[in-house]
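Everything on this sheet refers to the single structure shown next.
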Amino acid sequence: MTYIIIVSILVGMGCGYFVFPPEIMSSIDNLASISLFVLIFLVGIDVGGNKTIFKDLKKAGFKVLLVPFGGIVGSLLGGLLVGFLFNMALNESLAIGSGFGWYSLSGVMLKEMGGDTLGAIAFLTNVFREMITVILIPILAKKLNGYTAIAPAGATSMDTTLPLIAKATNPEIAVIAFINGVILSSLVPVFVTFFYNLG
Numbered sequence: 001m002t003y004i005i006i007v008s009i010l011v012g013m014g015c016g017y018f019v020f021p022p023e024i025m026s027s028i029d030n031l032a033s034i035s036l037f038v039l040i041f042l043v044g045i046d047v048g049g050n051k052t053i054f055k056d057l058k059k060a061g062f063k064v065l066l067v068p069f070g071g072i073v074g075s076l077l078g079g080l081l082v083g084f085l086f087n088m089a090l091n092e093s094l095a096i097g098s099g100f101g102w103y104s105l106s107g108v109m110l111k112e113m114g115g116d117t118l119g120a121i122a123f124l125t126n127v128f129r130e131m132i133t134v135i136l137i138p139i140l141a142k143k144l145n146g147y148t149a150i151a152p153a154g155a156t157s158m159d160t161t162l163p164l165i166a167k168a169t170n171p172e173i174a175v176i177a178f179i180n181g182v183i184l185s186s187l188v189p190v191f192v193t194f195f196y197n198l199g
């Protein structure tokens, strides 16, 4: 599955660069959004079709919150480490790490707060996170477990990477991934603003 994903991305990039005219490219965002909604809808049907999932989640209780908590800690530690390596201000590296993969929001927020360069770094950091996540999900699910496949997805585990997580794991993990994405997406504007204003 990983090879299919990588090849699909490369073929798409080639088509975007060599094949499709600029007039069509403006409609790609709408088509991608529609496709994403259809995929999420189909995942929802798959999850809803398993009658025991919600009982299992109820039994798990607060353990479900360990996944987003781990994602938050990992993202912030990653932001600190990379910020240290590149001699960035502490508040900026933590704010970038607080994007949790939501590049369209964190990039815009940090551009407004810290300028074009910081916004571009936040945008690219989270874009690369999502690209790496697409490659890692099947590997982590197979080699480790389904929960570890959620972690790199961050906020995208409720939308763009949810279909991949659902395919690589099981419906119970897909529900946890969705919950993880909702929590992290809700925290992105709060954490980005909080950490940036520490400086």
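Read in order, the letters of the sequence shown are residues 1 to 199 in the UniProt record's numbering. Ideal Cβ positions, reconstructed from N, Cα and C, are used throughout, including at glycine.
With a Cβ-Cβ cutoff of 7 Å, do residue i and residue j count as a contact?
i	j	result
Gly101	Thr156	yes
Tyr196	Met113	yes
Thr169	Ala141	yes
Val192	Met109	yes
Asn180	Val67	yes
Ala122	Gly99	yes
Gly79	Gly97	yes
Gly154	Gly71	yes
Can you give me the C-alpha to C-alpha distance between residue i and residue j, rounded to a whole angstrom?
i	j	result
residue 236	Leu136	Residue 236 falls outside the range modelled here, since the chain spans only 1 to 199, and no answer is possible.
Ser75	Thr117	20 Å
Asn30	Ala95	29 Å
Val73	Leu105	20 Å
Asn126	Leu10	19 Å
Val64	Ile176	7 Å
Phe18	Phe62	50 Å
Ile34	Arg129	23 Å
Gly107	Lys58	36 Å
Ile132	Tyr103	14 Å
Ser8	Gly49	29 Å
Glu172	Val38	20 Å
Pro22	Leu162	30 Å
Ser185	Asp159	10 Å
Gly14	Phe20	9 Å
Ser93	Phe69	19 Å
Phe178	Leu85	33 Å
Lys143	Val190	34 Å
residue 228	Val134	Since the displayed the chain opens at 1 and closes at 199, residue 228 lies outside it and no answer follows.
Lys167	Ser27	27 Å
Pro138	Ile45	21 Å
Taking 6 Å as the cut-off, is the C-beta of residue i nearer than that to any heavy atom in the ligand MN?
i	result
Gly181	Because no ligand of any kind appears in the structure shown, any question about the ligand MN cannot be addressed here.
Quick one: measure Cβ to Cβ for residue i and residue j, integer angstroms, because I've assumed they're closer than 8 Å.
i	j	result
Asn91	Leu198	4 Å
Met25	Gly16	7 Å
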